[in-house]
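Asks: The following block contains the structure, expressed as C-alpha cells.
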Amino acid sequence: MSLLLYSIASTEINSYSLMLGTTGPNSYAEEGQKFVHSIIKSDDPQGWDNQIENQVVLNFTYNRNDKWYESALSGTTNHESVLRLALWQVTFEVRLQAALSGVGVQV
C-alpha cells in the first residue's frame, strides 16, 4: 500500500511517498513470480528456499527535481519543454520485526 504526493512549483518538483508493505512469504512474491513464469513459459524460478523472513516494512521517500533548462518554446505552445535535474533523494525505511532502520541519500 502506498501514498504519493507531489508539490509542483515553477522551478522545482518535490515528491513524497509513504509505503507500507511486507517481505517474506506474506508478500506472495514467490507465487507471483511463478505465475508470471507460467504465463511467459519460462523455467521455474529457483532460490525460494532461501527467502527472507516475514517483516513489515515502512518506507518514506522524499525526492526533489529542480528546473535546469527551459526551452524558449515553453509557454508559447500547449506543451512544456523542460529539462529537470534530480538533485537528491532521501529514503527512510523501518523493518518493524527486525528493528532495523536506515537512511540513504542518492546524488
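Quick note: the sequence shown uses full-length UniProt numbering, first residue 1, plus one each step. Even for Gly, the Cβ is constructed at its ideal location relative to N, Cα and C.
1. What residue range does the alpha helix (DSSP H) around isoleucine 8 cover?
2. Taking DSSP as the reference, what is the three-state secondary structure of asparagine 54?
3. Suppose contacts are defined by Cβ-Cβ distances below 9 Å. Is methionine 18 in contact with leucine 58 by that definition?
4. Within a Cβ cutoff of 6 Å, which residues of the same chain sit near glycine 21, ignoring the five residues on either side of it in sequence?
5. Judging by CA-CA distance, which residue of Gln55, Glu53, Gln33 is the nearest neighbour of glutamine 46?
6. Rounded to whole angstroms, what's the CA-CA distance from glycine 24 to methionine 1? Just pull it up for me.
7. Indicate the three-state DSSP secondary structure (helix, strand or coil) for serine 42 in the structure shown.
8. Shortest alpha-carbon distance to threonine 11 belongs to which of Phe92, Lys67, Thr91?
9. So, helix, strand or coil for glycine 21, using DSSP?
Replies: In this structure, then:
1. Along the sequence shown, one-based indexing puts residue 8 at 8. Taken as a continuous stretch (DSSP letters only), isoleucine 8 belongs to no alpha helix (DSSP H), being part of the beta strand (DSSP E) at 2-8.
2. As a first step, residue 54 is located in the sequence shown; it is residue number 54 there, counting from the start. If DSSP states are grouped into helix, strand and coil, asparagine 54 belongs with coil.
3. For the purposes of this step, residue 18 is taken as residue 18 along the sequence shown, with counting starting at 1. For the purposes of this step, residue 58 is taken as residue 58 along the sequence shown, with counting starting at 1. Going by the sequence as given, residue 18 is leucine instead of methionine. Going by C-beta atoms, leucine 18 is nearer than 9 Å to leucine 58.
4. Taking the sequence shown and counting its residues from 1, one reaches residue 21 at position 21. So the qualifying residues of the chain are Val57.
5. The count along the sequence shown starts at 1 and reaches residue 46 at position 46. For glutamine 46, the closest of Gln55, Glu53, Gln33 by C-alpha to C-alpha distance is Gln33.
6. Stepping through the sequence shown from its first residue, residue 24 is reached at position 24. Stepping through the sequence shown from its first residue, residue 1 is reached at position 1. Here the alpha carbons of methionine 1 and glycine 24 stand approximately 16 Å from one another.
7. Taking the sequence shown and counting its residues from 1, one reaches residue 42 at position 42. Here serine 42 sits in coil by DSSP.
8. Start at 1 with the first residue of the sequence shown, and residue 11 comes out as number 11. Comparing Cα-Cα distances from threonine 11 to each of Phe92, Lys67, Thr91, the minimum goes to Lys67.
9. Along the sequence shown, one-based indexing puts residue 21 at 21. Strand at glycine 21.
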